[in-house]
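The structure under discussion appears below in the form of structure tokens.
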Ligand SMILES: NC(=O)c1ccc[n+]([C@@H]2O[C@H](COP(=O)([O-])OP(=O)(O)OC[C@H]3O[C@@H](n4cnc5c(N)ncnc54)[C@H](O)[C@@H]3O)[C@@H](O)[C@H]2O)c1
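Laid out in structure tokens, this is it:
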């Protein structure tokens, strides 16, 4: 290559890089404005009619309430729970409101049981198109008083089970490029809270799992997976009995919600394909603002708000 050709090549490379940066800037700016627009004018909620919606932990609390709402909207609900009595009650409630529901008893930590569950669902109901990884447990005490079994089970139920269920039900969604994965994290998956060390670790992990999986599908160049949506739910305190000793100094700002109120927000977020929500939504923005400051600064606000969970009695 002559000197002139070398210079021409450098100029050409410089121009094409500048063009790429310009295109990148325009795309980022347009997307930013689009998101800003959607903040004020939210996207229309999608229909879930005919979707086969598997909900773990459907026998109680937010799982049950979410199942009832999706059932009312015409979804075919697959209720999965370790507790057959609660699960049957949920199915009965959905049937009473003229919805369609099926009941399966399964411990979501048992990988082999999940494989059997999937076979039965496929045969009796069809391919799952929405997976709501909701089942969770929450030992609430200082780390040094938490037993090995409590720690292991928390991880098994709250995060490892998500992976088993995803490995089982994601492939058919990928085949059709149609589906929705919903995962219950928590505000304890956004900020660290005392008495909840293993629980926080599992709920932070849920958000990591969902983000990484979303990226894995998005960056896959072999096929388009944009038809598979992801929603992470981060509630604060919901009155289901899971949080035994809640402590809230300013109930108007950080109200303890009923499972009905929380599930209204969960279903709305899923239907609008939101990526992540906190319940209440104000905590999302408070957290974003706090993260801008050095760590010590928001700690004063946290101490002032003085809310959280006391250890289980
Ligand atoms: N309640 C809250 O304040 C709160 C706050 C933030 C996040 N969350 C999360 O939301 C989710 C639902 O919470 P909730 O308060 O509605 O719970 P809940 O205790 O009311 O219901 C949980 C359901 O999961 C089932 N379950 C537990 N272990 C299981 C297993 N191994 N296999 C199958 N089913 C199992 C239980 O039988 C129960 O029906 C959980 O993941 C929880 O961590 C709850």
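Numbering (the numbering used here), first residue to last: 459 to 771. Just so you know, even glycine gets a beta-carbon here, dropped at the ideal spot from N, CA and C. This one's a predicted model, so the numbers in the text were calculated from it and none came from an experiment.
- DSSP places residue 733 in the coil class of the three-state scheme, outside both helix and strand.
- The beta carbon of residue 517 is closer than 6 Å to those of 539, 541, 544, 545 and 548 in its chain, skipping five residues each way along the sequence.
- Boundaries of the alpha helix (DSSP H) around residue 620: 619 to 634.
- Under DSSP, no beta-bridge partner is assigned to residue 518.
- DSSP, reduced to helix, strand and coil, places residue 591 within a strand of the structure shown.
- Contact between the segment 656 to 663 and the segment 525 to 539 is absent: fewer than three C-beta pairs spanning the two stretches fall below 8 Å.
- Exposed is the label assigned to residue 467, since fewer than 16 other Cβ atoms lie within 10 Å of its Cβ.
- Apart from the 5 residues on each side of it in sequence, residue 521 sits with its Cβ closer than 6 Å to the Cβ of 513, 515 and 592 in its chain, given in chain order.
- According to the DSSP secondary-structure assignment, residue 539 is paired through a beta bridge with 563.
- Across the structure, residue 491 and residue 483 are spaced so that their CA atoms are roughly 12 Å apart.
- The residue among 601, 526, 471 and 727 with its C-alpha nearest the C-alpha of residue 656 is 601.
- In this structure, residue 638 has its CB at a distance of at least 7 Å from all heavy atoms of ligand 1.
- Of the residues assessed, residue 626 falls on the buried side of the cut-off, its CB having 16 or more other CB atoms within 10 angstroms.
- Partner residues in a beta bridge of residue 698, as assigned by DSSP, do not exist.
- Scanning its chain for C-beta atoms nearer than 8 Å, with the 5 sequence neighbours on each side dropped, one finds around residue 583 the residues 510, 534, 536 and 560, in chain order.
- Among the bridge pairs identified by DSSP, residue 693 is matched with 737.
- In this structure, the CA atom of residue 669 is about 21 Å from the CA atom of residue 612.
- Nearest C-alpha to residue 524 among 762, 764, 755 and 551: 551.
- Between the alpha carbons of residue 615 and residue 566 lies a gap of roughly 7 Å.
- In this structure, the straight-line span from the alpha carbon of residue 659 to that of residue 590 is close to 20 Å.
- For residue 552, the shortest C-beta to heavy atom distance toward ligand 1 is 7 Å or greater.
- The C-alpha of residue 730 lies about 34 Å from the C-alpha of residue 570.
- Contact annotation, residue 745 with residue 689: C-beta distance approximately 18 Å; criterion of less than 8 Å not satisfied.
- The nearest non-hydrogen atom of ligand 1 is 7 Å or more from the C-beta of residue 612.
- The segment 680 to 689 makes contact with the segment 624 to 642; the number of CB pairs closer than 8 Å reaches 3 or more.
- Note on residue 493: under 16 other CB atoms within 10 angstroms of its CB, so exposed under the neighbour-count rule.
- Relative to ligand 1, residue 520 has its C-beta within less than 7 Å of a heavy atom.
- The beta carbon of residue 759 lies closer than 6 Å to none in the same chain, with the five residues before and after it left out.
- In this structure, residue 644 has its beta carbon less than 7 Å from a heavy atom of ligand 1.
- Under the criterion of beta carbons closer than 8 Å, residue 727 and residue 691 qualify as touching, at roughly 7 Å.
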